[in-house]
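Just so we're aligned, residue 267 is where the sequence shown starts under our numbering, counting upward by one.
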Amino acid sequence: MAEDERTIDQLNEEADIAADYLEGLLDIADYDGDIEMGVRNNRPMVQIVADDDTDIKHLIGRNGEVVDALQQLTRLAVQQKTGERSHLIVDVDGFLKHKRQRLRDIALDAIDEAKETGEPVNLKPMNSFERKVVHDVVREEGLKSRSHGEEPRRYVTVYLRANAEDAADETEE
């Protein structure tokens with residue numbers, strides 16, 4: 267079933283399954299925290315909000331590695347129960363919101379540099395989530411971007427639009 271065909275009830279069911287799974291993990295790890303669920307941009311979302319700042323930092327990890335791993339494990343748990351691949355988002359204490367803002371700032375800096383120099387600007391390697399955020403910002407600002415390289419060293423290059431034909435080209439992942 268395509269993601270856009272899922273009903274709000276199906277998305278809420280995925281969030282419920284994810285919340286149950288994450289509550290079990292938090293219990294095993296002896297972490298206190300609340301789980302908030304919802305649907306955002308047609309995707310189920312689960313956020314862990316903890317009372318203890320020390321615990322929450324462990325759930326995020328360095329550069330978000332732990333929250334990324336939690337998301338992958340939770341998606342697998344949802345898929346096991348539903349039989350469908352999930353595009354569930356797992357966040358810990360607003361980490362993704364802050365990460366999106368940092369990525370937006372990086373993209374805007376690259377856009378400014380490309381406009382000033384007229385040259386393409388290569389960014390550091392990023393994961394697919396990070397590249398998508400950058401591509402979206404670049405497109406919103408009227409420039410163009412493209413991903414290059416092989417995982418895990420895949421990176422984004424920001425370009426000025428050379429001509430009107432470029433405006434018809436879509437951002438390439």
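The beta carbon of each residue, even a glycine, is placed where N, CA and C say it ideally should be.
Rounded straight-line distance, which links the Cα of residue j to that of residue i
{"i": "residue 293", "j": "residue 357", "result": "18 Å"}
{"i": "residue 315", "j": "residue 291", "result": "14 Å"}
{"i": "residue 419", "j": "residue 284", "result": "30 Å"}
{"i": "residue 335", "j": "residue 327", "result": "10 Å"}
{"i": "residue 399", "j": "residue 366", "result": "7 Å"}
{"i": "residue 355", "j": "residue 337", "result": "7 Å"}
{"i": "residue 319", "j": "residue 349", "result": "36 Å"}
{"i": "residue 405", "j": "residue 303", "result": "30 Å"}
{"i": "residue 343", "j": "residue 364", "result": "26 Å"}
{"i": "residue 382", "j": "residue 389", "result": "16 Å"}
{"i": "residue 362", "j": "residue 384", "result": "31 Å"}
{"i": "residue 394", "j": "residue 341", "result": "16 Å"}
{"i": "residue 401", "j": "residue 423", "result": "9 Å"}
Unbroken alpha helix (DSSP H) run spanning residue i, endpoints
{"i": "residue 417", "result": "Careful: residue 417 lies outside any alpha helix (DSSP H) and carries neither H nor E."}
{"i": "residue 402", "result": "394–406"}
{"i": "residue 293", "result": "274–295"}
{"i": "residue 318", "result": "Run containing residue 318: none; DSSP gives neither H nor E here."}
{"i": "residue 271", "result": "No alpha helix (DSSP H) contains residue 271, which DSSP labels as neither H nor E."}
{"i": "residue 409", "result": "Here residue 409 belongs to no alpha helix (DSSP H), and DSSP marks it neither H nor E."}
{"i": "residue 336", "result": "331–348"}
Beta carbon of residue i nearer than 8 Å to that of residue j
{"i": "residue 332", "j": "residue 339", "result": "no"}
{"i": "residue 421", "j": "residue 391", "result": "yes"}
{"i": "residue 301", "j": "residue 289", "result": "yes"}
{"i": "residue 380", "j": "residue 409", "result": "yes"}
{"i": "residue 425", "j": "residue 413", "result": "no"}
Cβ-based neighbour list, residue i, same chain, cut-off 6 Å, excluding 5 preceding and 5 following
{"i": "residue 321", "result": "297"}
{"i": "residue 415", "result": "421"}
{"i": "residue 396", "result": "369"}
Opening and closing residue of the beta strand (DSSP E) in which residue i lies
{"i": "residue 306", "result": "300–306"}
{"i": "residue 368", "result": "Premise fails: residue 368 lies in the alpha helix (DSSP H), 361–383, not in any beta strand (DSSP E)."}
{"i": "residue 309", "result": "309–315"}
Cut-off 8 Å between Cβ atoms - residues of its own chain near residue i, not counting five sequence neighbours on either side
{"i": "residue 268", "result": "The predicted model places residue 268 with a pLDDT of 47, which falls under 50 and marks its position as unreliable; any figure quoted below should be read in that light. Closer than 8 Å at the Cβ level, and outside the excluded window around residue 268, lies no residue."}
{"i": "residue 359", "result": "313, 314, 315, 316, 322, 325, 326"}
{"i": "residue 305", "result": "274, 277, 278, 281, 311"}
{"i": "residue 347", "result": "283"}
Any C-beta of chain B under 8 Å from that of residue i
{"i": "residue 316", "result": "In the structure shown, chain B cannot be found, because there is only a single protein chain."}
Cβ-based neighbour list, residue i, same chain, cut-off 7 Å, excluding 5 preceding and 5 following
{"i": "residue 442", "result": "No information on residue 442 is available, as it lies outside the stretch 267 to 439 that the chain covers here."}
{"i": "residue 403", "result": "370, 373, 374"}
{"i": "residue 345", "result": "351, 352"}
>> Can you confirm whether the segment 368–388 touches the segment 299–319 when touching is taken to mean that 3 or more C-beta pairs between the two stretches lie within less than 8 Å?
In response: Below 8 Å, too few C-beta pairs join the segment 299–319 and the segment 368–388 to call them touching: fewer than three.
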